[in-house]
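Structure first, commentary second.
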Amino acid sequence: MLALGLATATKRSPAAKRKGRTVNSSDLARHPEPTSFVGRATEEEAIAQSFRSGSRLVTLLGPGGVGKPRLARRYLARADNRFSACFFGDLTAASSLESILGAVASALGLTLGEAESTGAALARIVDALRARGRTLVVQDNADGREQAVRSALDVWLDDTDVAAFLVTSRVRLGRTNERCIEIGPLPIGNAARLFEERARRAAPEFVADDVTRELVRRLDMNPLAIVLSRGGAPDATRGSADRGIALASAARRPDIEAHARLVRTIMKPS
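Heads up, the sequence shown is in our numbering, so the first residue is 106 and it goes up one at a time.
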């Protein structure tokens with residue numbers, strides 16, 4: 106049985122139309138890119154090349170904080186006319202095959218009945234994918250639910266001819282013909298640029314220097330760690346903005362260890 110609070114129809118805004126291609130906007134409209142996107146051109150091209158070469162299952166592999174969901178959203182919004190429709194399914198709240206089906210159905214604009222069997226739900230999604238032609242579906246955050254995601258993909262890939270899937274995960278799904286793209290730390294130049302761009306929201310005069318580069322090295326050039334370190338998330342409170350200014354000021358001093366201590370203090374859970 107399916108008991109799914111996730112299966113609500115989505116709306117598509119005119120702004121989500123790209124050159125005759127329908128882009129699911131339920132997630133993109135609620136969470137537009139709040140900040141500039143730094144780096145990842147090589148990885149983005151690897152995704153595009155994978156689909157151009159005929160891959161139908163591409164998995165973005167990498168540890169937490171490297172920006173897999175952001176990269177998937179960016180590719181989804183910028184995908185060329187190879188796909189007639191693109192959809193984003195957030196699996197974060199999914200804990201079973203049934204809730205995964207609910208998340209994907211919701212992304213496709215389907216409503217699954219509470220009494221609908223798993224087999225019937227899988228078949229309805231297959232029918233929806235077939236009806237939409239060459240479709241791209243992002244399944245974000247397969248972590249901890251890889252087996253259930255693979256079970257669903259086994260049906261959708263085998264029973265449709267042209268639907269393609271982009272999955273984000275820390276581990277491989279292990280399916281035949283899965284194309285995996287490793288997403289690692291940012292290169293040092295992009296990591297420093299990310300720090301600089303985010304720090305400038307709190308201290309507009311901030312300029313990255315050798316101290317900044319040493320700091321981002323100590324943060325393993327992990328995008329999430331970098332963003333957290335300067336304390337200026339898009340919905341930052343006054344306190345986090347003040348911490349960002351303090352961090353930007355510390356970055357100008359040659360005392361790397363003091364700078365790193367400040368970062369660790371900022372990153373402690375409040």
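All residues carry an ideal CB built from backbone N, CA and C; glycine is no exception.
All values reported here derive from a predicted model rather than from experimental measurement.
- Looking at A153, S155, Q154 and S160, the one whose alpha-carbon comes closest to that of D266 is S160.
- The three-state secondary structure of D325, taken from DSSP, is coil.
- Below 8 Å, enough C-beta pairs join the region 237-245 and the region 178-188 to call them touching: three or more.
- Here the C-alpha atom of G207 lies approximately 13 Å from the C-alpha atom of F193.
- For I286, the enclosing beta strand (DSSP E) begins and ends at R284 to E287.
- F311: not part of any alpha helix (DSSP H); DSSP gives it neither H nor E.
- V171 carries a coil assignment under DSSP once its states are collapsed to helix, strand and coil.
- Between the alpha carbons of R229 and I286 lies a distance of about 30 Å.
- For R284, the CB contacts under 6 Å within the same chain, skipping 5 residues up- and downstream, are S155, S160 and V163 in chain order.
- Within its own chain, the residues whose Cβ lies closer than 8 Å to the Cβ of F142, once the five positions on either side in sequence are excluded, are R175 and R179, listed in chain order.
- By the 16-neighbour rule on beta-carbons within 10 angstroms, T240 is buried.
- The residues E301, in chain order, have a CB closer than 8 Å to that of V312 in the same chain once the five nearest residues on each side in sequence are set aside.
- Counting the other CB atoms within 10 Å of its CB gives D195 a total of 16 or more, which places it among the buried residues.
- Here the alpha carbons of R275 and A220 stand approximately 33 Å from one another.
- One thing to note: L227 has its Cβ no nearer than 8 Å to the Cβ of A268.
- For the pair A257 and N295, the Cα-to-Cα distance works out to about 36 Å.
- Assigned with DSSP and collapsed to three states, F193 falls in strand.
- Taking C-beta atoms as the reference points, S189 and R237 count as a pair closer than 8 Å.
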